[in-house]
Amino acid sequence: MSAIFKTLKPLLVLLAGVWILVGCEAGPPPTNLAPAKAKAAQCVEPTADIRKNHMAYLMQHRDATVLAGIRSKQYSLVECINCHVDPKRADGSAVHYEDRDHFCASCHTYVGVKIDCFQCHADRPELANQTNYQHKLGSAESYHFSHQLGTPAVLSLQDLQTITSGGVQ
Amino acid sequence: MTKNLVNEYRRRFLAGLGLMVGATLLPELSNTQAADVTARPENEPASSHKRWGMLIDVKRLTDGGAAMVAACQHEHGWGHDPQASAEQQAQWMRVVKVTDKQTLHSFSLPVMCQHCEKPPCVDVCPTGASMKRADGIVYVNKHTCIGCRYCMMACPYKARSFVHEPLKDQKPHSPRGIGTVESCNLCVHRIDKGQLPACVEAAPHAVIFGDLQDPDSRISQALKASGGTQIRADLGLNPQVYYLNI
């Protein structure tokens, strides 16, 4: 038994080495697509394309938005995050870009890409009732102040003239 | 902390509003803000056929503009950066109290980026990050801002701030981060959707927002009827923010 082991030992070591090397070649860790798949079947471009070209789309769109005011949703970074990242993990903790399990970081850490986008941009969707987040998830449609005020009384032209001619205070 | 303050502002603001409605019984409630901004199709760039402006009636701002400032803070998430000292905190909008030394008459007004037609902050920017959009909104393209702060020096209204520290969990619609200058952007993200700026929505009784280039807009009509004052008009920068009763 031990003799057989002795003769096989180099072979076993070799096999173990090969197995480790194969492990190294396993490619990038799988990305966490669960949040996105819960919302859509497809990305904004075919998967192979977005994998390869997302940075170009984002860079192009950011200039279109900030310089010209184009607000289309397709390549919007806010939309990528809304679809691809859950505000919290199952255990309630926050996911940030610094964590390996953040969707964008999952590949970037592996390939050693560094981006500064999340120094400014939120790296997860907004949550209601959080100290730094006062809005509902994903929408500014309804605004807190208008909620509180109901139908606001609005300054009319007539009104304005009364005031300017010294009427009210 | 912030929340309580906001509530306090809101209460005071509502009390003021109640008083005022009681006192004057506004004649035309149908004359709403709803038509002041209309949504632009999302694929369409901002157009130079519009020039957004604001008219603030200081006498009607019973709180001097505190509710407007609170709304701005709420919308963009500035003013409580954890590491910054009080003087370092970003300030997109602030209440300025003015007192006449002779008569001791005093009043308060909210001051933010005045969205000049000829903005000095744009002139001095070495990278072109400080910019004026086609529809007259002046803001920082933070993607090309290098944080040199020339624009902060150049602005006669002290309207710009600098972010000194790494931030987390910013508002998704208002990215702000270390090493860049920022200021009131007239809530571009809201205007583009056809919504009013947050501060305007917070003071509907005292502020009219709209297109200065459209002679029929409520703001143009109001300005035609009652004038309105630009602050430091002597500088010739032609700001788009007008005040009444200052």
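Taken in sequence, the protein lines are chains A and B. When the letters of the first sequence are read in order and numbered with my numbering, they come out as residues 1 to 169. When the letters of the second sequence are read in order and numbered with my numbering, they come out as residues 1001 to 1246. Glycine is no exception: its CB is placed at the ideal position from the N, C-alpha and C atoms. Quick caveat, the model's predicted, so the values are computed rather than measured.
Asked: Identify the continuous alpha helix (DSSP H) that holds A:Y57 and give its terminal residues.; Found: T47 to D63
Asked: Throw me the rounded Cβ distance for the A:V85 and A:P125 pair, which I believe falls under 8 Å.; Found: 6 Å
Asked: Using a Cβ-Cβ cut-off of 6 Å (strictly less than) and excluding sequence neighbours within five positions of B:Q1073, which residues of its own chain qualify?; Found: G1079
Asked: Where does the unbroken beta strand (DSSP E) through B:T1099 begin, and where does it stop?; Found: M1093 to T1099
Asked: Going along the chain, which residues of the region 1034–1055 of chain B sit with their C-beta nearer than 8 Å to a C-beta in chain A?; Found: R1040, E1042, N1043, E1044, P1045 and A1046
Asked: Note down, in chain order, every chain B residue with its Cβ under 7 Å from the Cβ of A:C80.; Found: Chain B residues near A:C80: none, gap ~11 Å exceeds 7 Å.
Asked: If contact means a Cβ-Cβ distance below 7 Å, which residues of the region 104–120 of chain A contact chain B?; Found: Q119 and C120
Asked: Answer yes or no: do B:V1058 and B:V1095 have a C-beta to C-beta separation smaller than 8 Å?; Found: no
Asked: As a quick exercise: from A:R89, A:G69, A:F103 and A:K88, pick the residue whose alpha carbon is nearest that of A:C80.; Found: A:F103
Asked: What beta strand (DSSP E) runs, 3 residues minimum, are completely inside the region 1053–1134 of chain B?; Found: 1093–1099, 1106–1112 and 1130–1132
Asked: Use the C-beta contact count for A:A105: other C-beta atoms within 10 angstroms, 16 or more gives buried, fewer gives exposed.; Found: buried
Asked: Check B:D1234 in the structure and name its three-state DSSP category.; Found: helix
Asked: For B:E1042, list the residues DSSP reports as bridge partners.; Found: Bridge partners of B:E1042: none, in fact.
Asked: Judging by CA-CA distance, which residue of B:K1224, B:I1178, B:Q1170 and B:H1189 is the nearest neighbour of A:P87?; Found: B:Q1170
Asked: To the nearest angstrom, how far is it from the Cα of B:S1085 to the Cα of B:C1148?; Found: 20 Å
Asked: Which residues share a DSSP beta bridge with B:S1174?; Found: B:K1171
Asked: State the DSSP-derived secondary structure class of A:A34, mapped to helix, strand or coil.; Found: helix
Asked: Mind checking B:M1054: buried by the 16 CB within 10 Å criterion, or exposed?; Found: buried
Asked: Can you check which of these residues, B:M1093, B:T1099 and B:P1082, is closest to B:E1075 by C-alpha distance?; Found: B:M1093
Asked: Measuring straight from C-alpha to C-alpha, what distance separates B:S1108 and B:V1140?; Found: 27 Å
Asked: Rank B:A1206, B:V1207 and B:L1223 by C-alpha distance to the C-alpha of B:D1214 and give the top, closest one.; Found: B:L1223
Asked: Please list, in chain order, the residues of the region 1185–1197 of chain B that have any C-beta partner in chain A closer than 8 Å.; Found: V1188, H1189, R1190, D1192, K1193 and Q1195
Asked: To the nearest whole angstrom, what separates the beta carbons of B:V1138 and B:V1122, a pair I think is in contact under 8 Å?; Found: 7 Å
Asked: Nearest chain A C-beta to B:P1239 closer than 8 Å, yes or no?; Found: no
Asked: Using the DSSP secondary-structure output, state which residues sit across from B:V1140 in a beta bridge.; Found: B:S1130
Asked: Mind listing the chain B neighbours of A:P35? Cutoff is C-beta to C-beta under 8 Å, in chain order.; Found: Residues of chain B passing the Cβ test: none, with the nearest at roughly 15 Å.
Asked: Between which two residues does the beta strand (DSSP E) containing B:Y1243 stretch?; Found: V1241 to L1244
Asked: With distances taken Cα to Cα, identify the nearest neighbour of A:D116 among A:C107, A:Y97 and A:L127.; Found: A:Y97
Asked: Can you tell me the Cα-Cα spacing of B:L1205 and B:C1113, whole angstroms?; Found: Reading the sequence as shown, one finds His at residue 1205 of chain B and not Leu. Looking at the two C-alpha atoms, the distance is approximately 21 Å.
Asked: When DSSP labels each residue in this structure, what does B:K1224 get in the three-state scheme?; Found: helix
Asked: In or out: B:T1099 buried (at least 16 other Cβ within 10 Å) or exposed?; Found: exposed
Asked: Since B:S1161 sits in a beta bridge, which residues does DSSP pair it with?; Found: B:E1182
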